Structures are given as C-alpha cells and as structure tokens.
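*Asks:* Quick one: structure below, then a few questions.
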Amino acid sequence: MTFNDRIFGVLMIVLAVAYGWAATQFPEPFGGAEAVGPDTFPKLLAVVLAISSLYLIVRPDPDNAWPWSRTGVELIIAVVVLIFYAMLLQPLGFIISTTLAVGTLCWRMGARPTNAYMTGAVSAVVVYFLFSFALDLALPLGLLSFLEMN
Numbered sequence: 001m002t003f004n005d006r007i008f009g010v011l012m013i014v015l016a017v018a019y020g021w022a023a024t025q026f027p028e029p030f031g032g033a034e035a036v037g038p039d040t041f042p043k044l045l046a047v048v049l050a051i052s053s054l055y056l057i058v059r060p061d062p063d064n065a066w067p068w069s070r071t072g073v074e075l076i077i078a079v080v081v082l083i084f085y086a087m088l089l090q091p092l093g094f095i096i097s098t099t100l101a102v103g104t105l106c107w108r109m110g111a112r113p114t115n116a117y118m119t120g121a122v123s124a125v126v127v128y129f130l131f132s133f134a135l136d137l138a139l140p141l142g143l144l145s146f147l148e149m150n
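For the sequence shown, counting from 1, position 145 maps to 145 in UniProt numbering; every step adds exactly one.
What follows is the structure, given as structure tokens:
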C-alpha cells in the first residue's frame, strides 16, 4: 500500500496547488485588501492539504488495505452525499441541503432516521444563523428565500 499512498499523496499535492492558485484568483474585496479576506481560508486549507500530502509521500502506511467491506461502501456513500450536497446547495438553499446531508450522514452512522434528520435540521439552522448574523456572511436560502429578512 505504500505505492498507493505515495500516488495519492502526489495527486493531493496537485489538488492543493490548484486549490491554492484558485484562491489567489478571488477578486479583491470592495474597499481594498484586508488581512483576512475571502481567500484566507482556502489558502490555509491548501497549505494544510499540501503538508498532509507530503507526509503521506514521505511516510506512507504499509499495512492498510482499502476497506472493501461495509466501511468502503460507507465511504463511497459519504462522498456521494457530499457531491449531491454541493450540487443542491444553491437551488435548495443552505438550510435544506445541509439538513439532508447531515441527516443522511448521521443516519448512515447508525442514528435513527428521526434523530438523524432532527440533528441535521438543528445544526443547519444554528450554522445558518451563526454565519448570517454573527459573521455577517450570506448563505443561500434557496427554496426558503421567502423567509429572507431585510
């Protein structure tokens, strides 16, 4: 598995470089450059991904095989859920798409469906209000745009 880990590490470095470069292409915010702008978090993620990838290349794990059992299936389901989450974020809005994604992931981890989707709904609403009012960052409302407060 050391060879696979190294290949994966190289691919992740390529992703980190591309992601970091894309973050530098964000337009300068209105009012001039700031110490913390829209590109800060993506750049930080790119650096963390690059460091993690380098570690994976230098010190691969020789023992781990790909989990083709239930764990492998659950990993694939999680990736599919996150892809659908990204696709549905704008049309459905943050609250609905986050409720569905978090609820589905909690359910797949063993929670009862009612509890899983309640957890998704509560976390979606809390994070929405945190971003909207505490951080003053706009998240898409999508189907719930009739609730928009001006």
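The C-beta atom is built at its ideal place from N, Cα and C for all residues, glycine as well. Predicted model, so just to flag it, every value in this text is computed and none were measured.
(1) Does the beta-carbon distance from L143 to G103 come in below 8 angstroms?
(2) Identify, in the order they occur along the chain, each residue of the same chain with its Cβ nearer than 8 angstroms to the Cβ of L137, setting aside the five sequence neighbours on each side.
(3) For L45, does the three-state DSSP call read helix, strand or coil?
(4) What whole-angstrom Cβ distance do I77 and R112 have, given they're in contact under 8 angstroms?
(5) Note the first and the last residue of the continuous alpha helix (DSSP H) segment covering G142.
(6) Tell me whether the beta-carbon of A50 lies closer than 8 angstroms to the beta-carbon of A16.
(7) Taking a contact to mean a Cβ-Cβ separation below 8 angstroms, would you say A23 touches D39 in this structure?
(8) Here's the rule: buried if 16 or more other CB atoms are within 10 angstroms of the residue's CB, otherwise exposed. What is G120?
(9) Would you identify the three-state DSSP class for F84, choosing helix, strand or coil?
(10) Check for me: the alpha helix (DSSP H) holding R108 runs from which residue to which?
(11) L44: which of Q90, P27, P60 and W21 sits nearest, CA to CA?
(12) Which residues in the same chain have their Cβ closer than 8 angstroms to the Cβ of V125, if we skip the five residues on either side of it in sequence?
(13) Could you tell me the boundaries of the alpha helix (DSSP H) in which F26 lies?
(14) Here's a check: name, in chain order, each residue in its chain whose Cβ is nearer than 8 angstroms to the Cβ of V10, leaving out the five neighbours to either side.
*Replies:* To lay it out plainly:
(1) no
(2) F131
(3) helix
(4) Going by Cβ atoms, the distance from I77 to R112 rounds to 18 angstroms, so no, they are not a contact pair.
(5) Neither: G142 is in no alpha helix (DSSP H) and is coded neither H nor E.
(6) yes
(7) yes
(8) buried
(9) helix
(10) F94 to R108
(11) W21
(12) I95
(13) Per DSSP, F26 belongs to no alpha helix (DSSP H) and is neither H nor E.
(14) S53 and I57
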